[in-house]
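J.: Got a structure for you, written out below as structure tokens; questions coming shortly.
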Amino acid sequence: MKSLILFLLSGFGLLTSWSFDQNAELTESIKRGQEVYTDFCVVCHKVNGEGTIKIFPPLAGSDYLRNNQNESIKGIKYGQNGKIKVNGVEYNGAMTDLGLTEEEVADVMNYINNSWGNSIKGIVTSEMVKKIGK
Numbered sequence: 002m003k004s005l006i007l008f009l010l011s012g013f014g015l016l017t018s019w020s021f022d023q024n025a026e027l028t029e030s031i032k033r034g035q036e037v038y039t040d041f042c043v044v045c046h047k048v049n050g051e052g053t054i055k056i057f058p059p060l061a062g063s064d065y066l067r068n069n070q071n072e073s074i075k076g077i078k079y080g081q082n083g084k085i086k087v088n089g090v091e092y093n094g095a096m097t098d099l100g101l102t103e104e105e106v107a108d109v110m111n112y113i114n115n116s117w118g119n120s121i122k123g124i125v126t127s128e129m130v131k132k133i134g135k
């Protein structure tokens, strides 16, 4: 019985260590993503992620972002054209391909997913971004 308890406790320690490493990785990615956002996104989507109604969609509290992570990654990676609906409002604009690296796309997604009240679980990695095709 004592061996079983020690085994379970050591396993929990490994899980806790993994979670800590994942959180540290996410924190660093968010910091880098804030720089990318400031350099490439802030002009249209604003400092607070509000966007401009019917012109540039909001990222703050965005149901589209929450429900369409792969499409959001694709939009940042390749640009986006055509109609989308965000928080009940239709947008029909264009976002150009920003020429970001896969790591920059992942970082800015992690920043957006964890800013302005957004709390989208998980971490976007450059490997995930790499798998997103046109």
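When the count follows the working numbering, it moves up by one through the sequence shown with no breaks and lands on 135 for the last residue. Glycine included, C-beta positions come from ideal geometry on N, C-alpha and C.
1) Apply the 10 Å Cβ neighbour rule to Gly76 and answer buried if 16 or more other Cβ atoms are within range, or exposed otherwise.
2) For Lys32, which three-state DSSP category applies?
3) Can you tell me which of the three DSSP states Glu128 falls into?
4) Taking the beta carbon of Ile54 as the centre, do at least 16 other beta carbons fall within 10 Å, making it buried, or is it exposed?
5) Tell me whether Ile85 sits in a helix, a strand or coil according to DSSP, three-state version.
6) Spell out the partners DSSP gives Ala95 in its beta bridges.
7) Considering Cα atoms alone, identify which of Gly100, Asn68 and Val37 is closest to Ile85.
8) Could you check whether Ile31 and Tyr112 sit closer than 8 Å to each other, using their CB atoms as the reference points?
T.: The short version:
1) Burial call: buried.
2) Helix, per DSSP.
3) Correct three-state label for Glu128: helix.
4) Flag for Ile54 reads exposed.
5) The three-state secondary structure of Ile85, taken from DSSP, is strand.
6) Per DSSP, Asn82.
7) Comparing Cα-Cα distances from Ile85 to each of Gly100, Asn68 and Val37, the minimum goes to Asn68.
8) Less than 8 Å divides the Cβ of Tyr112 from the Cβ of Ile31.
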